[in-house]
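In what follows, a single structure is set out as structure tokens and then discussed.
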Amino acid sequence: MIVVGLTGGIGSGKTTISKCFASYGIPVYIADEEAKALMNRSKVIKRKLVELFGASAYNDKGLNRPYLASKIFNDKELLTKMNAIVHPKVASHFKRWLKKQDAPYVIKEAAIIFENNLESQYNYIITVVADENLRIQRVMKRDDASKQKIESIIANQLSDEEKIKKSDFVIVNNDLKVAMQQAEEIHKKILQKLK
Ligand code: ATP
């Protein structure tokens, strides 16, 4: 099965663009959402996260994402430990999911590809970019987050320039209509490559 990675910085529009591909009948796996679901569902993950972060890792609503995010934001070692608990489970869940798909290719949306040198897991990689000020405005609105917080997340991520250099395709999502046209062209190009 051909796996196309779809990545991009915070608020670039990865999930929005993934939906375009879904509308062409392409199965889409959103790694971040699946990780979140597994962190709420898997007893093994839950136990290990409580060991790592303490009982506050979960509250009565489930996974306490803001708490975990605040803990790992400036602590690379803790992030690595959390990833070691969650990533292998997501990887095996993805493998099982992939086996069930019947399509010319699938899209796997993942915020982290180049950062962890995971390029070899993908046949092609699409990077979604958008102007920084637009991304900040969009995430402020979506998450009710502060400008400063989003700026610090962006500063922590690999730059768009670096991502573009390593990508097979780029979608510029400043204007949704334009971005959707680009997504459709890329979809056609991938189908062409697979002939
Ligand atoms: P994250 O990295 O935070 O998961 P993302 O890259 O998946 O984000 P989205 O969630 O798709 O980004 O988009 C961020 C926000 O911006 C959403 O509220 C979305 O509806 C909005 N958005 C995305 N693209 C556009 C666009 N072209 N025009 C206006 N709003 C947009």
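With the working numbering applied, the sequence shown corresponds to residues 265 to 459, in that order.
Ideal placement from N, C-alpha and C gives every residue a C-beta, glycine not left out.
As the structure is a prediction and not an experimental result, all values here were calculated from the model.
Judged by their CB atoms, residue 411 and residue 418 are not nearer to each other than the 8 angstroms cut-off. Contact between the stretch 374–392 and the stretch 429–449 is present, with at least three C-beta pairs closer than 8 angstroms.
By the beta-carbon neighbour count (other beta carbons within 10 angstroms, threshold 16), residue 286 is exposed.
Contact between residue 374 and residue 271 holds: CB atoms are separated by about 6 angstroms, below the 8 angstroms threshold. For a cut-off of 8 angstroms, the C-beta gap from residue 387 to residue 292 is around 15 angstroms, too long to register as a contact. For residue 382, there is no enclosing alpha helix (DSSP H), since its DSSP letter is neither H nor E. About 4 angstroms separates the beta carbon of residue 275 from that of residue 403, a gap short enough to meet the 8 angstroms contact definition. In this chain, the alpha helix (DSSP H) harbouring residue 453 covers 440–457. Three or more pairs of CB atoms, one per stretch, sit closer than 8 angstroms, so the stretch 292–308 contacts the stretch 353–360. Residue 278 is not a Cβ neighbour of residue 316, given a cutoff of 8 angstroms. If you draw a straight line from the Cα of residue 313 to the Cα of residue 322, it comes to about 9 angstroms. For residue 391, the pairing in a beta bridge is given by DSSP as 271 and 434. The secondary-structure analysis by DSSP pairs residue 396 with nothing; it has no beta-bridge partner.
Looking at the backbone, the Cα of residue 424 and that of residue 438 are separated by about 14 angstroms.
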